Amino acid sequence: MFEVTLPFPEESLILPSAAPLFPLEGASLLPGEPMPLHIFEERYKVMTEASLSEGKFMAIAGVKPGGSLTEGVFGLGRIAMDERLADGRFNLVLIGLKRIRIRAVTQESPYLKAEIEVLEDAYSQTAVNVINMLSKEVYNLGRRIMEIKKNTHKEIAYADLESLPYDLLPLGMLCDLYSAALALPPLEKRMMLEETDAVRRAEKLIFTLRFELSRLHTGQSSRLPLQ
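For the sequence shown, this note's numbering assigns the number 35 to the initial residue and increments by one for each residue that follows.
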């Protein structure tokens with residue numbers, strides 16, 4: 035379980051135009067999300083060494099069952115904690131920073147590296163009062179679900195989100211933190227990563243959280259995917 039981790043202050047970072055890619059089947063890294071990694075393959079040990087010496091950036095890339103990269107949006111992260119073991123392996127904690135798209139793969143050996151495009155959240159000319167309403171709804175639903183899961187010993191990814199200043203955080207960031215903290219299934223989490231419009235992301239998350247709250251109250255075992 036992790037404490038709430040906000041992204042590195044953007045003003046202190048110069049985001050890269052290229053980054054090493056760490057392929058993980060079924061994995062998605064959202065902005066603000068901590069992801070523990072155990073690095074043991076030789077090529078990824080080389081990648082980690084390079085990342086630690088070049089800004090600590092690393093992208094989590096989705097892969098298909100055959101091993102080829104998926105298309106769409108990936109998560110760019112930065113190494114926040116690194117532990118080098120005696121045999122050369124690493125324990126890392128990667129913190130999600132931004133959504134990215136791959137422009138071109140520029141290196142395939144010994145590890146993948148690509149030119150990237152950083153994607154900022156869009157707000158589609160939505161009124162401030164609507165954004166505030168969506169933020170409050172995400173916070174209230176997420177808090178209620180978290181309370182139920184704590185009381186029933188169900189898995190949550192973060193220890194506590196109640197102290198988050200939800201009315202001060204950007205709507206997109208709030209959605210990302212709750213999507214990660216409430217341990218959404220991989221497909222739903224992936225769909226949240228793919229959504230670059232913060233308002234649509236909030237609407238999809240609210241839809242899912244309402245269903246999840248109903249499911250927890252009634253004891254249903256199925257989940258309804260994001261629409």
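Note that beta-carbon positions come from the ideal geometry of N, C-alpha and C, so glycine has one too. As the structure is a prediction and not an experimental result, all values here were calculated from the model.
> ILE48: buried (16+ other C-beta within 10 angstroms of its C-beta) or exposed?
Replying inline: exposed
> Considering only residues of the same chain and omitting the five flanking positions on each side of GLU151, which have a CB-CB separation below 7 Å?
Replying inline: ILE134, ARG135 and ARG137
> Does the separation of the CB atoms of PHE108 and ALA95 fall below 8 Å?
Replying inline: yes
> Under the rule that 16 or more other beta-carbon atoms within 10 Å means buried, what is SER158, buried or exposed?
Replying inline: exposed
>> Quick check on this structure: which residue in TYR145, GLU117 and LEU250 has the alpha carbon closest to the alpha carbon of ASN125?
In response: GLU117
>> Here's the rule: buried if 16 or more other CB atoms are within 10 angstroms of the residue's CB, otherwise exposed. What is THR242?
In response: buried
> Comparing alpha-carbon positions, which option in LEU58, GLY206, HIS251 and GLU67 lies nearest TYR78?
Replying inline: LEU58
> If you draw a straight line from the alpha carbon of ALA214 to that of LEU205, how long is it in whole angstroms?
Replying inline: 14 Å
> Distance, Cα to Cα, MET226 vs PRO219?
Replying inline: 11 Å
> In this structure, what does DSSP give as the bridge partners for HIS72?
Replying inline: ASN125
> For LYS263, which beta-bridge partners are listed by DSSP?
Replying inline: Any answer about residue 263 is impossible in this case: the structure gives the chain only from 35 up to 261.
> Nearest to GLU228 by alpha carbon, out of PHE56, ALA52, PRO50 and LEU63?
Replying inline: LEU63
> Terminal residues of the continuous beta strand (DSSP E) containing LEU103?
Replying inline: Taken as a continuous stretch (DSSP letters only), LEU103 belongs to no beta strand (DSSP E), as it is neither H nor E.
> Do you know whose CA, among GLU237, PRO54, ARG244 and ASP231, lies nearest GLU142's CA?
Replying inline: PRO54
> Mind checking ASP201: buried by the 16 CB within 10 Å criterion, or exposed?
Replying inline: exposed
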